[in-house]
Each structure stands twice: as C-alpha cells, then as structure tokens.
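Report on one structure; see the data block that follows.
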Amino acid sequence: MGRGRLDMVGVTHDALGFAVSRFDDVLRVVWFPLLLVALSPLLWKQMVISGAPRSFIFVLSIAVPLCLTAAYMVPLTRMAALGETLTPKSIHLAFGVRQVRFALVALLSVFAALLVAVGPTSLGVSLTEELIQEIEITEVFVFDEGSLHGGEVNVLLADVTPLRDLQVFLSWVLMPLVLAYVGVRLFLWPFAIAAGTQSPFSLSLRVSAGGNGLRLFLIFLALAMIQVVVNLGSGIVVGMGQWVGSLAEVFVRTLENFGLDGFAWAGGVGRFVGVGASYVIGILVSALTAGLVAGTAGSVIRTMR
Numbered sequence: 001m002g003r004g005r006l007d008m009v010g011v012t013h014d015a016l017g018f019a020v021s022r023f024d025d026v027l028r029v030v031w032f033p034l035l036l037v038a039l040s041p042l043l044w045k046q047m048v049i050s051g052a053p054r055s056f057i058f059v060l061s062i063a064v065p066l067c068l069t070a071a072y073m074v075p076l077t078r079m080a081a082l083g084e085t086l087t088p089k090s091i092h093l094a095f096g097v098r099q100v101r102f103a104l105v106a107l108l109s110v111f112a113a114l115l116v117a118v119g120p121t122s123l124g125v126s127l128t129e130e131l132i133q134e135i136e137i138t139e140v141f142v143f144d145e146g147s148l149h150g151g152e153v154n155v156l157l158a159d160v161t162p163l164r165d166l167q168v169f170l171s172w173v174l175m176p177l178v179l180a181y182v183g184v185r186l187f188l189w190p191f192a193i194a195a196g197t198q199s200p201f202s203l204s205l206r207v208s209a210g211g212n213g214l215r216l217f218l219i220f221l222a223l224a225m226i227q228v229v230v231n232l233g234s235g236i237v238v239g240m241g242q243w244v245g246s247l248a249e250v251f252v253r254t255l256e257n258f259g260l261d262g263f264a265w266a267g268g269v270g271r272f273v274g275v276g277a278s279y280v281i282g283i284l285v286s287a288l289t290a291g292l293v294a295g296t297a298g299s300v301i302r303t304m305r
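Take the sequence shown: its position 139, counting from 1, is numbered 139 in our numbering, and each next residue is one higher.
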C-alpha cells in the first residue's frame, strides 16, 4: 500500500470534517499550549531586560513554541489518524518521547528543506554576482571603424540584464519551487511518527511520490485558501475589538477635557477588550489551522499507509 492514487477530494473532505466536527476536542487540546506560545514574547522581553544572554533567549524562542506545538499536534494527529479519544480534561499539556521525536523531526525537516532550497540557489546568486562584477570592470579597446589606431576603451559587456534576470529567477522562482517540493515530500514525516507508523520517513516519501506530490500540494493550496478566508473574517472581528478599545480611550480623554475625573477604568476596560479579542480570535483561528493540518495528515496516513 502507499503507492495508490491520492484522493484529493476525500482528503480535503476529511481535513475539513475533522477540523469542524471535532473543533470542540481540537480546541480543548490546543488552547492552553497556544496561550503559552502567545504569552511567551512577554517572557523573552523580560529576560532581555534582566540581562539574559541573547543567544540563550533565541534558542528558547524557537524551542519552546516548537515543543508546545508538538504537545498538541501529536494527540490531534492520533485523533485524526487512529481515532483515539481524549480524556475530558480542559487543559492538555502532555509531553513525552513521541512529542520529542515529532519536534526534532519537524525541525530537521525545516532545516533540510531550507538547506536544499536556499543553499544551491544562494550559491548560484553569489557566483552570478561575482561574474557580473568581473564583467563590469573588464575593459577592452574597441577600434573605430576603418581605423588601425583610433578607438576607445569600453567595458566588455555593458548590459548585464540577462545575468540580473537569472538572479531573480534563482531567488524568486527556483528557490520557492524547490522549497515547496521538499516541503511536500517531507510533510508527512513528523505526523507519521506521531501516529506510530512503521518507517515514517519512507512513508512520507512514498506517499508524496510522483503525481501524489502535486495532488498533496493542491490539497494544501485549497485548504490555504479556506484559511485565508477565515483569517480575513477573524481580522475584521479583531479590528472591531481594537476599535472598541480606541473608542473607550477617546471617551476617557473627552471626559478629562471637560474636567471630569474617575473614568480611567473605562480606558482600561477598552484596552482589555481589544487585547482579549486578539488573543481569543487568534487561538480560535490557530485551533482551526491545527485541525486542518492534523486532519490532512491523519487522512493521508489512514488511507495510504
């Protein structure tokens, strides 16, 4: 198994079905880790103020969100792929060997994709730039037509536009294509580990081979379009919350201009509404995203392994 044709409609339907129909379970799993991720920048800022080494803070700023993401993606993947049920706890923050493996493999996948995509293209751009600079300083003597002595010194190649176009192609066309290709090929690897499948790396490569790689990419594209619509709607709601906060601030300043005091609490309430709406909507949208990703991976693993 694993070499059959990937059912694009079926996988997309499963991903949406899992994200929507199991949204209450998804939200129970993700809300607390996501809240910690959202609040972590406040901790990094405090550590910077206290004089902690910036390199240490940088490592933490990567490791902590990655581990928290693994903490909820592993159970979600097992729910989607294996049908596992969760305990009715309202706070989930389990972290064990499977989560560690998920986090390490996910990080390795990102590094591998960046290395394969960015490394050769960056080298190509660098070599092209060296060639351009060499051409721009290389001069030749060009004789006037019909003369054996008269002439002038010109650069070897005045127009380096083709080479500049090559740099643009390498940076903005080839590199994204390679990055997308490698990302699709390695996408299933950490999720197969979360589901406990045999030979997860081989499964990821086998499932995304040939035309299935393109089908998997189109599934991602369709789900991304849905996510964009959700993000636009959530942005409107967040904007309304921030507008309420701004309105409260204007209300307080107006009262103060009339000589009235004691209404500062209204501005605080407004700020709380604005910030609170941003956090709540952000967690809800992130929960939907996690459900879509886990639902996609779970459907592919369930049908193609």
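C-beta atoms are modelled at their ideal positions from N, C-alpha and C, and glycine is treated no differently.
| Check | Outcome |
| --- | --- |
| Beta-carbon gap between Gly291 and Leu34 smaller than 9 angstroms | no |
| Simplified DSSP state of Lys89, which is helix, strand or coil | coil |
| Contact check, Leu332 vs Val64, beta carbons under 9 angstroms | Limits of the chain in this structure are 1 at one end and 305 at the other, which puts residue 332 out of reach. |
| Cβ neighbour criterion (16 or more within 10 Å) applied to Gly274 | buried |
| Rounded distance between the beta-carbons of Ser286 and Val30, thought under 8 angstroms | 7 angstroms |
| With 16 other Cβ atoms within 10 Å as the buried cut-off, status of Pro200 | buried |
| Alpha-carbon spacing of Leu177 relative to Ala195, whole angstroms | 29 angstroms |
| Three or more C-beta pairs below 8 angstroms linking the region 3 to 23 and the region 206 to 222 | yes |
| Contact check, Ala297 vs Phe191, beta carbons under 9 angstroms | yes |
| Nearest-angstrom beta carbon gap, Ser204 and Leu188 [assumed within contact, 8 angstroms] | 4 angstroms |
| Inter-residue Cα distance where the pair is Pro53 and Pro41 | 15 angstroms |
| C-alpha distance - Leu170 paired with Leu223, whole-angstrom precision | 28 angstroms |
| Beta-carbon separation (whole angstroms), Ile132 vs Leu163, contact threshold 8 angstroms | 5 angstroms |
| Rounded straight-line distance, which links the Cα of Gly276 to that of Ala112 | 38 angstroms |
| With 16 other Cβ atoms within 10 Å as the buried cut-off, status of Ser126 | exposed |
| N-terminal and C-terminal residue of the alpha helix (DSSP H) that Pro75 is part of | 54 to 82 |
| Extent of the continuous alpha helix (DSSP H) run through Asp7 | No alpha helix (DSSP H) holds Asp7; DSSP gives it neither H nor E. |
| Alpha-carbon to alpha-carbon, Arg185 and Leu135 | Sequence check: residue 135 is Ile here, not Leu. Using only the alpha carbons, I get a separation of about 40 angstroms. |
| Burial state of Leu232, where buried means 16 or more other Cβ atoms lie within 10 Å | exposed |
| Rounded distance between the beta-carbons of Cys67 and Phe32, thought under 8 angstroms | With a Cβ gap of about 13 angstroms, Phe32 and Cys67 do not count as contacting. |
| Boundaries (first-last residue) of the alpha helix (DSSP H) holding Arg367 | Because the chain spans 1 through 305 in this model, residue 367 falls outside it and cannot be assessed. |
| Test item: CB-CB of Ala70 and Ala103 under 9 angstroms | yes |
| Whole-angstrom C-beta distance between Ala19 and Gly295, which should lie under 8 angstroms | 5 angstroms |
| CB contact flag (Met47, Leu27, <9 angstroms) | no |
| Backbone CA spacing between Leu107 and Thr254 [nearest angstrom] | 52 angstroms |
| Alpha-carbon to alpha-carbon, Thr77 and Leu288 | 14 angstroms |
| Inter-residue spacing [alpha-carbon to alpha-carbon] between Ala209 and Val300 | 13 angstroms |
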